[in-house]
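Written out below as structure tokens is the structure these notes cover.
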Amino acid sequence: MKQLNNDNAANRTSYVGHVYNVGEKEYKKRILDGLPKEWADLHRTGAIHIHDLDAYDLTYNCLTFDILQNFPYDEFRSLSGAGQILHLFDWFKNLFTTLGNEQSGGMAFANFDNEVATILENLGIDFHHHQELIEASIAELILWCNGNHSRMGQTSYYVSLNLGLANSEVARFIARTVINKFESLGEKVFKPNIVFKVVEGINASQGNPNFDLLELALRCSAKKMIPTYLLCDCKEDRDTDPHKLSVMGCRTRVVANLFGEDGAIGRGNISNISINLPRIALKIDESHPELSFEDKMDLFFKKWDQVAMTTKDILLDRYQKLCQRDADDFPTNLSHKLWCVDFIEKENLEKVFKHGTLALGFIGISEAIEVLFGKKYYSNMNTYIATLGFIKHMRDYCDFLKNEYKLNFSLLATSGELISGRFIDYDKELFKPRVDIFSKGYYTNSFHVDVDSGLPGYKKIQLEGLFHEYCNGGSITYVELGEAPLENVEGLREYIEIATKAGVHYLGFNFPKDVCNFCGTSGVFDYCPSCNSKDITRIRRVSGYLEILDGFTKGKIAEEKNRKKN
Ligand SMILES: [Zn+2]
């Protein structure tokens, strides 16, 4: 069966998925038809992108579980030790399945190692006696996340396991097992997403109690691009308890809270809308080609303000519609109390969802500045500073909205999935700019330096680091490597140090990874160097999660082709 679209790189085909896709298209159309025409047109013409449009009035985006608040110990009481362990990991899978169909985006554990250790301890499990079973259960959970495509009849579950701050023997064992199993389970295992939290004094340096876990994580990343690294000592995050920090694989960051303690646990993003920055620049370039760069920049700020004001209205409308739903529409949340505030029947959901974030996102600052200036934003200091000023302006507007509406607005450095190709398809029909930003076939992710810049990794990190500070709704920097850095794990650790100092909040390493389907050889090749097979699986990172290249959207395939190592 041919899929109707491949908007989502994680999709596989099934009849249920096909029916879902038909319904999804119809529901999205119905949502747009029900919005004020000006709003709907902005989305229809690719000036903005309302993410997860089919969930508009139905559900929120993502969540870091408050897993310990209401864990159902009672249902484990009558089981044996082994039975409890088996049931625990089964319970996790059920949670991913039910919640994965109850919300539109990712789910995360903030401290998978410590949380599992706490549950095992509270169940009275003799860990030494059951070590092998726990290892096997973790391996099985990883294989399940990697292989299951039952969500919406076609998609895998977006699960992120944050770990690294293990504070007991059992927790350290859990962290070690997750990383070791993920590394050893085979080259084609690339889910769930694992996020290693780096903190000085806990794991960042030699002599720290969990330094061995960081070394294990880096060795695994050098082979498999996972884990990614949450740099808890970066400027923006170092004043928050690292145990309360968590990130989704896609990059969503939830920290500041107007209504309670800062931190991610029991909170998530409600919705996000991304603004097409190149579109604004292309319009200015077309109508005012004679202006100086400074005057064009001025106009760029003003035109962005106009789009952002409407975007804010759409975010508020969506939020209000979501809050009007019943707690019964969220049965998993209702029974498991996964948010920091409980869902209670017949009570307004605003008291829950006000803890979530409303994110204004953006894509393609690189192409936008190139259109306005004729050169890349990182080609000289003046343009770089002007670009930084613009990112700060977007953040200031989000802070203004936060005060004005008393809701957790934030600025998101959007991952490019889908829109990197969707926006450019519209724009190349509408505009003929003097610089060629269209022929490569995609717009560059958020504030990223172009993937083919060829800049050294440390330089890319330093250029992007300053932007992270402003993007409080989430951001990531990638170092693009030519191949798996198997022999240079120490080099990866140096990148972590440089990135933390540069202000980077979340860091990942990308490299092409081809796996022979016949003999399992891994590397970068057109056909297998061991057995000459041409049957190759190509695994690449797109928008935070690893996927198989065939499943990529058009824009992302073009971006992948263009990547050059830093
Ligand atoms: Zn082979």
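Quick note: the sequence shown uses numbering that gives the first Met the number 0, first residue 0, plus one each step.
Don't be surprised by glycine CBs; every beta carbon is placed ideally from N, CA and C.
On a predicted model such as this, the values are computed, not experimentally measured, just so you know.
Taking C-beta separations shorter than 7 angstroms and ignoring five residues to either side along the sequence, the partners of residue 87 in its chain run 118, following chain order.
The beta carbon of residue 464 sits closer than 6 angstroms to those of 501, 502, 503, all from its chain and outside the five residues before and after it, given in chain order.
DSSP, reduced to helix, strand and coil, places residue 380 within a helical segment of the structure shown.
Closest option to residue 84, judged by alpha-carbon separation, among 45, 133, 40, 104: 133. Going by beta carbons, residue 474 and residue 445 fall inside the 9 angstroms limit. Secondary structure within the segment 70-110: the alpha helix (DSSP H) runs of 4 or more consecutive residues, fully enclosed, are 80-99 (chain order). For residue 541, the enclosing beta strand (DSSP E) covers residues 535-541. When C-alpha distances from residue 74 are compared across 63, 121, 111, 65, the shortest belongs to 121.
For the segment 110-197, the full-length beta strand (DSSP E) segments reaching 3 residues or more read 158-162, 192-197 along the chain. With a cut-off of 8 angstroms on Cβ pairs, the segment 520-534 is in contact with the segment 476-485, counting three or more such pairs.
The Cβ atoms of residue 423 and residue 440 sit closer than 9 angstroms to each other. Segment contact: the segment 200-219 against the segment 243-258, fewer than three CB-CB distances shorter than 8 angstroms; contact not assigned. Scanning its chain for C-beta atoms nearer than 8 angstroms, with the 5 sequence neighbours on each side dropped, one finds around residue 197 the residues 163, 203, 213, 228, 229, 230, 231, 232, 495, 499, in chain order. Taken through DSSP and simplified to helix, strand or coil, residue 322 comes out as helix. Looking at the backbone, the Cα of residue 365 and that of residue 419 are separated by about 12 angstroms. Taking 9 angstroms as the cut-off, the beta carbon of residue 194 is found no closer than this to the beta carbon of residue 166.
When distances are taken from the beta-carbon of residue 420 to the heavy atoms of ligand 1, even the shortest one reaches 8 angstroms or more. Remark: the C-beta of residue 80 is outside contact range of ligand 1, defined as less than 8 angstroms to any heavy atom. Under DSSP, residue 521 takes part in a beta bridge, and its partners are 514.
In the structure shown, residue 509 adopts extended strand secondary structure according to DSSP, grouped into three states. Inter-residue distance for residue 308 and residue 454 is about 36 angstroms (C-alpha atoms, whole angstroms). In terms of CA proximity to residue 318, 354 leads the group 295, 354, 301. Rounded to the nearest whole angstrom, the CA to CA distance from residue 138 to residue 109 is 19 angstroms. Fully contained in the segment 41-72 is no alpha helix (DSSP H) run of length 4 or more.
Look at residue 264 here: in three-state DSSP terms it is coil, with no helix or strand label.
For residue 245, there is no enclosing alpha helix (DSSP H), as DSSP marks it with neither H nor E.
Just measuring C-alpha positions, the residue of 336, 564, 413, 442 sitting nearest residue 67 is 336. Annotated as distal: residue 219 and residue 414, with beta-carbon spacing of 9 angstroms or more.
Between residue 328 and residue 58, the alpha-carbon positions lie close to 9 angstroms from each other.
Taking 9 angstroms as the cut-off, the beta carbon of residue 397 is found no closer than this to the beta carbon of residue 352.
Annotated as distal: residue 346 and residue 367, with beta-carbon spacing of 9 angstroms or more.
Taking the Cα of residue 430 as reference, the smallest distance to any Cα among 282, 97, 450 is reached at 282. By the Cβ-count criterion, residue 113 is buried, with 16 or more other Cβ atoms from all chains shown falling within 10 Å of its own Cβ.
Residue 382 and residue 287 have their C-alpha atoms spaced approximately 19 angstroms apart. The beta strand (DSSP E) runs of length 3 or more contained entirely in the segment 276-316 do not exist; there are none. For residue 409, the enclosing beta strand (DSSP E) starts and ends at 407-412.
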